[in-house]
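Numbering (our numbering), first residue to last: 24 to 211.
Here's the structure, in structure tokens; my notes come after.
Here it is, written out as structure tokens:
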């Protein structure tokens, strides 16, 4: 998915294009411009609601783009690269914003829906994924999204990392709690 963020997305597209070519895997790009008629940056310029972060807007577009892409290629499952840190950050953001409905859908998708969404890395620390990629010469993006510090996610990431450094294993404990809360909320 190409949001149209200069430099940032260009690096990622080059990495994926080259890696897919090396593996002999077909690579198709779905861009915000083609799907929605504008890039993320163009939509942010039109955006007037300060309560929505760039990440919220981008996430909505990205989910729609992935659903569209899956439908176009006939996929039955979408696997994302969300890791344990992403999951915990999202949980805290949803909790702090009072968006409890989203908390009910944070556990792994075990449904029989025609399009399942799975997160195979959701129990793995981001740092472990980076370490694995680095030690196995797997290409990964180094450029940070220029919008990443606009919302609260960076502060939450730093807070959770500080807790983990002081209290090893706290992220795993929190993840188990997130799953229990999410499963409980689905039944309510």
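We put the beta carbon where it would ideally sit given N, CA and C, even for glycine.
For the beta strand (DSSP E) assignment, the uninterrupted runs of no fewer than 3 residues enclosed by the region 98-178 are, from N- to C-terminal side, 100-102 and 139-141.
Assigned with DSSP and collapsed to three states, residue 54 falls in strand. Note on the region 26-86: whole alpha helix (DSSP H) runs with a minimum of 4 residues are 31-46, 55-59 and 63-69, in chain order. Contact between residue 206 and residue 35 is ruled out by a C-beta separation of about 33 Å, above the 8 Å threshold. Cα atoms of residue 185 and residue 193: separation of roughly 10 Å, rounded to the nearest angstrom. The three-state reading of DSSP puts residue 91 in helix, counting H, G and I together.
Secondary structure of residue 24 (DSSP, three-state): coil.
Judged by pairs of C-beta atoms under 8 Å, the region 158-173 does not touch the region 121-141, as fewer than three such pairs exist.
In this structure, the beta-carbon distance from residue 90 to residue 58 does not fall below 8 Å.
Around the beta carbon of residue 41, fewer than 16 other beta carbons sit within 10 angstroms, so the residue counts as exposed.
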